[in-house]
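Here this note's numbering runs 75 ahead of the position in the sequence shown, where the first position is 1.
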Amino acid sequence: MISIIIPTYNEQESIATLVTFLRENSLAGKVEIIVCDAGSSDLTLESAAAAGAMAILSPRKGRAVQMNYGASLAKGEILYFVHADTIPPVTFFLDITTAVAGGFGLGRYRTKFNSKKKVLKLNAFFTRFDLFMCYGGDQTLFIRKDLFTDIGGFYEALVIMEDYEIIKRAREKARY
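Structure, rendered in structure tokens:
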């Protein structure tokens, strides 16, 4: 089972679309979707629950805290962290299960922005390379739950770049 964890804060406009997309593009009964919110002032949690996600309030704010809390409730053997404004490829479920079956402990996608801005096109181009500067969260991140637990999850003191940091630590123990 894949546990999809989505940290949110005021994502009412996009969360139902993402949850619906994730449910429709995975095998029934083989995925759980956990939306872990930081205390939104809009209807993020209600929208997520209506779309079929487990919608929970994080005990504290912060993306790393929210993702760790969601992971602590996850039942899946694979954790898949997705930002609320990101849509993965329709093949995400098969891609991830195939990668893990092939011996990969974690991985990510390349980024593609829905924009014509040259700076974003340049950024997206560089995400095809295995470089530290290319490990951003908008690419999503999957990681085996046992590996996530072994390395202690996300480093909660980081306000940004928590995804860069966890990838660096996880790569010391597993194929990426």
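Using N, Cα and C, we set each Cβ at its ideal position, and we do this for glycine too.
Chain-order list of residues whose beta-carbon lies under 6 Å from that of residue i (same chain, five-residue window excluded)
| i | result |
| --- | --- |
| L120 | D112, A130 |
| G180 | R219, L222, A249, R250 |
| D160 | S89 |
Straight-line Cα distance separating residue j from residue i
| i | j | result |
| --- | --- | --- |
| S78 | I108 | 6 Å |
| Y251 | T215 | 13 Å |
| A123 | G151 | 19 Å |
| I81 | G177 | 25 Å |
| A125 | D238 | 28 Å |
| L97 | I235 | 25 Å |
| A149 | T224 | 12 Å |
| L93 | S147 | 22 Å |
| I226 | A232 | 15 Å |
| V175 | R246 | 14 Å |
| G228 | T173 | 23 Å |
| S89 | V157 | 13 Å |
| A91 | Y230 | 28 Å |
Close Cβ partners of residue i (< 8 Å) along its chain, the five nearest in sequence each way excluded
| i | result |
| --- | --- |
| I171 | I77, I153, Y155, G182, F217 |
| K105 | M76, I77, F168 |
| Y84 | D112, A113, G114, S115, T119, K136 |
| G127 | V94, T95, R98, I108 |
Strand pairing of residue i, partner residues [DSSP]
| i | result |
| --- | --- |
| S78 | E107, L154 |
| F179 | R250 |
| T166 | According to DSSP, T166 bridges with nothing at all. |
| G83 | The residue you asked about is not Gly; residue 83 is Thr in the sequence shown. Partner(s): D112. |
Same chain, Cβ closer than 7 Å to residue i, neighbours up to 5 away in sequence not counted
| i | result |
| --- | --- |
| N100 | V165, F167, F168 |
| S133 | C111, D112, A113, V140, Q141, Y144 |
| I162 | L93, F96 |
| R138 | P82, E237 |
| L102 | F168 |
| D117 | N85, Q87 |
| Y184 | P163, P164, Q214, T215 |
Residue-level contact to chain C via CB, residue i, 8 Å cutoff
| i | result |
| --- | --- |
| I108 | Among the chains in the structure shown there is no chain C, since it carries only a single protein chain. |
| field | Meets three-Cβ-pair contact criterion under 8 Å: the stretch 216 to 232 and the stretch 242 to 250 | value | yes
| field | Sequence ranges, alpha helix (DSSP H) only - wholly within the stretch 112 to 163, length at least 4 | value | 119 to 125, 138 to 148
| Unbroken stretches of the beta strand (DSSP E), 3 residues or longer, contained in the stretch 214 to 240 | 216 to 219
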